[in-house]
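Keeping their order, the protein sequence lines are chains Z and A. Note that our numbering numbers the first sequence so that position 105 is 105, with each residue one more than the last. Note that our numbering numbers the second sequence so that position 99 is 1099, with each residue one more than the last. Backbone N, C-alpha and C fix where the C-beta goes; we use that ideal spot for every residue, glycine too. None of these values were measured; they are calculated from a predicted model.
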Amino acid sequence: DAGVIQSPRHEVTEMGQEVTLRCKPISGHNSLFWYRQTMMRGLELLIYFNNNVPIDDSGMPEDRFSAKMPNASFSTLKIQPSEPRDSAVYFCASSFGGGGNTIYFGEGSWLTVV
Amino acid sequence: KQEVTQIPAALSVPEGENLVLNCSFTDSAIYNLQWFRQDPGKGLTSLLLIQSSQREQTSGRLNASLDKSSGRSTLYIAASQPGDSATYLCAVSPNQAGTALIFGKGTTLSVSS
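Below is the structure:
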């Protein structure tokens, strides 16, 4: 299997622009997670989907962030408008059966907002 | 609210040393605990998963232990090698199998040759 695939790997954008991050989970996995990693705060869960349904979005910082999972093989995380404090590495991860099972991470999307 | 702490934040050792990384958590009602490795510029790779009913898990030179009642886990690395240099994170799964992991901030290990 190709693993969890994220795109883009790197993005530099100007403040105020819309950013869309994409994720393809491992085939057969029914749980998908979006995490954000910064030096100061470490890894933070943004949102968790199970069977394409958002189960926990309490980590989504504010209304500027939105996430969708239209089908089992694709998810997006959108930031609109972007701000410099959104600069971070955004990870997508997937598993079968939730966070209680082995979870597989993508390589991350490195976002810089200037 | 569950909190996961890893001390030290960074550790440097010479090649060949046996070492222990520590992880503590505030709520002992966990489903399981996982140890991950993260190389610079990469995602996380799961190393070991210990169920709450287990005391330890082993994989090669790695051994992870879990003391749920005291809220502690350790990752033991035997005969360290320069290739072990990475950041090691622990994460706990809350008491429901379907909810997501809570991570510590990690220990960055440097093994010198």
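Mind listing the chain Z neighbours of residue i? Cutoff is C-beta to C-beta under 7 Å, in chain order.
{"i": "A:ASN1032", "result": "GLY100"}
{"i": "A:SER1093", "result": "GLY99, GLY100"}
Near residue i, which residues of its chain fall below 6 Å by C-beta distance, leaving aside the five closest residues on each side in sequence?
{"i": "Z:GLY16", "result": "PRO81"}
{"i": "Z:SER7", "result": "ARG22"}
{"i": "Z:LEU77", "result": "LEU21, TRP34, ALA67"}
{"i": "A:SER1065", "result": "GLU1056, THR1074"}
{"i": "Z:TRP110", "result": "HIS10, VAL89"}
{"i": "Z:ASP56", "result": "TYR48"}
{"i": "A:SER1113", "result": "GLU1015, PRO1082"}
{"i": "Z:SER75", "result": "CYS23, LEU32, MET69"}
Can you pull the DSSP bridge partners for residue i?
{"i": "A:LEU1066", "result": "A:SER1073"}
{"i": "Z:ARG22", "result": "Z:SER7, Z:THR76"}
{"i": "Z:ILE47", "result": "Z:TRP34"}
{"i": "A:ALA1010", "result": "A:THR1108"}
{"i": "A:ASN1022", "result": "A:ILE1007, A:THR1074"}
{"i": "Z:LYS68", "result": "Z:THR76"}
{"i": "Z:VAL114", "result": "Bridge partners of Z:VAL114: none, in fact."}
{"i": "Z:GLY42", "result": "Z:THR38"}
{"i": "Z:PRO54", "result": "Z:PHE49"}
{"i": "A:GLN1057", "result": "A:ALA1064"}
{"i": "A:ASN1032", "result": "A:GLN1051, A:SER1093"}
State yes or no: is the C-beta of residue i within less than 8 Å of the C-beta of residue j?
{"i": "A:THR1087", "j": "A:THR1108", "result": "yes"}
{"i": "A:VAL1111", "j": "A:ASP1067", "result": "no"}
{"i": "Z:VAL53", "j": "Z:ASP86", "result": "no"}
{"i": "A:GLN1034", "j": "A:LEU1011", "result": "no"}
{"i": "A:LEU1062", "j": "A:LEU1044", "result": "no"}
{"i": "A:PRO1082", "j": "A:GLU1015", "result": "yes"}
{"i": "A:ALA1100", "j": "Z:LEU32", "result": "no"}
{"i": "A:VAL1020", "j": "A:SER1080", "result": "no"}
{"i": "Z:ILE26", "j": "Z:TYR90", "result": "no"}
{"i": "A:TYR1031", "j": "A:SER1052", "result": "yes"}
{"i": "Z:ALA88", "j": "Z:GLY106", "result": "no"}
{"i": "Z:SER58", "j": "Z:LYS24", "result": "no"}
{"i": "A:SER1028", "j": "Z:GLY99", "result": "no"}
{"i": "Z:ASN96", "j": "Z:GLY28", "result": "A small fix is needed here, since residue 96 of chain Z is Phe in this sequence, not Asn. Cβ distance < 8 Å, so Z:PHE96 and Z:GLY28 count as in contact."}
Note down, in chain order, each residue of its chain lying with its Cβ closer than 7 Å to the Cβ of residue i, except the 5 sequence neighbours on either side.
{"i": "Z:LEU43", "result": "TYR35, GLN37"}
{"i": "Z:ARG64", "result": "ILE79, GLN80, PRO81"}
{"i": "A:PRO1008", "result": "THR1107"}
{"i": "A:SER1024", "result": "THR1005, GLY1071, ARG1072"}
{"i": "A:SER1059", "result": "LEU1047, LEU1048"}
{"i": "A:GLN1002", "result": "PHE1025, THR1026, ASP1027, VAL1092, PRO1094, ILE1102"}
What residues of chain A sit near residue i, judged by a beta carbon separation below 7 Å?
{"i": "Z:GLY108", "result": "GLY1043"}
{"i": "Z:TYR90", "result": "In chain order: nothing, as chain A lies at least about 11 Å away."}
What in chain Z is Cβ-close to residue i, meaning under 8 Å?
{"i": "A:GLY1106", "result": "GLY42"}
Which residues of chain B have a Cβ atom closer than 8 Å to the Cβ of residue i, listed in chain order?
{"i": "Z:ASP56", "result": "Included in the structure are the protein chains Z and A, with no chain B among them."}
Quick one: which chain Z residues come within Cβ less than 9 Å of residue i?
{"i": "A:SER1073", "result": "Per Cβ cutoff of 9 Å: no residues; A:SER1073 is ~16 Å from chain Z at best."}
Could you tell me which chain A residues have their CB closer than 9 Å to the CB of residue i, listed as they occur along the chain?
{"i": "Z:LEU45", "result": "ALA1100, LEU1101, ILE1102, PHE1103"}
{"i": "Z:PHE105", "result": "PHE1036, GLN1038, LYS1042, GLY1043, LEU1044, THR1045, SER1046"}
Strictly below 8 Å CB to CB, what residues from chain A border residue i?
{"i": "Z:PHE96", "result": "Result: empty, since nearest Cβ-Cβ is about 11 Å, beyond 8 Å."}
Who are the Cβ neighbours of residue i in its own chain at under 8 Å, not counting the five residues just before and after it?
{"i": "Z:THR13", "result": "VAL19, SER82, LEU111, THR112, VAL113, VAL114"}
{"i": "A:GLN1038", "result": "LEU1044, THR1045, ALA1086, THR1087, TYR1088, LEU1089, GLY1106"}
{"i": "Z:MET60", "result": "LEU46, ILE47, SER66, ALA67"}
For this session: Would you list, in chain order, the members of the segment 20-43 of chain Z that have their beta-carbon closer than 7 Å to a beta-carbon of chain A?
Result: PHE33, GLY42, LEU43
Problem set entry | Short-range partners of chain Z found in the segment 1045-1062 of chain A, where Cβ spacing is below 8 Å | THR1045, SER1046, LEU1049
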